[in-house]
């Protein structure tokens, strides 16, 4: 059976050239410390049962806080008002990563 699988794989590869084989493409690269912030904010989002599949996540900061902003990926640029999907914001204190504010955005 193993030999048949190997033969089938070779037959499939025979029809492919090296130029058709694509290398992985980097989609996202973040610092591990930023991942911790997003993970903690995500726990709060889970409590709200927001369902963020199809959302973009933006990490911002000010002097004292990390601000994690969840926005629908199809939200039109410059849109004011509701498009029927909720945005959500979680703010965490930089010193201890405690959530200081969480709210639905506009």
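Numbering (the numbering used here), first residue to last: 10 to 115.
All C-beta atoms, glycine included, are put in the ideal place defined by N, C-alpha and C.
{"query": "Of the listed residues 103, 41, 46, nearest to residue 66 (C-alpha basis)", "result": "46"}
{"query": "Supposed contact pair residue 95 and residue 113 - C-beta distance, whole angstroms, cut 8 Å", "result": "5 Å"}
{"query": "Cβ contact check for the region 52-61 and the region 33-42: 3 or more pairs under 8 Å", "result": "no"}
{"query": "Counted within 10 angstroms of its Cβ, other Cβ atoms place residue 109 as buried (16 or more) or exposed", "result": "exposed"}
{"query": "Residue 60 - partner residues in DSSP beta bridges", "result": "Paired residues: none, contrary to the question."}
{"query": "Backbone secondary structure at residue 66 - three-state DSSP", "result": "strand"}
{"query": "Coil, strand or helix - residue 30 by DSSP", "result": "coil"}
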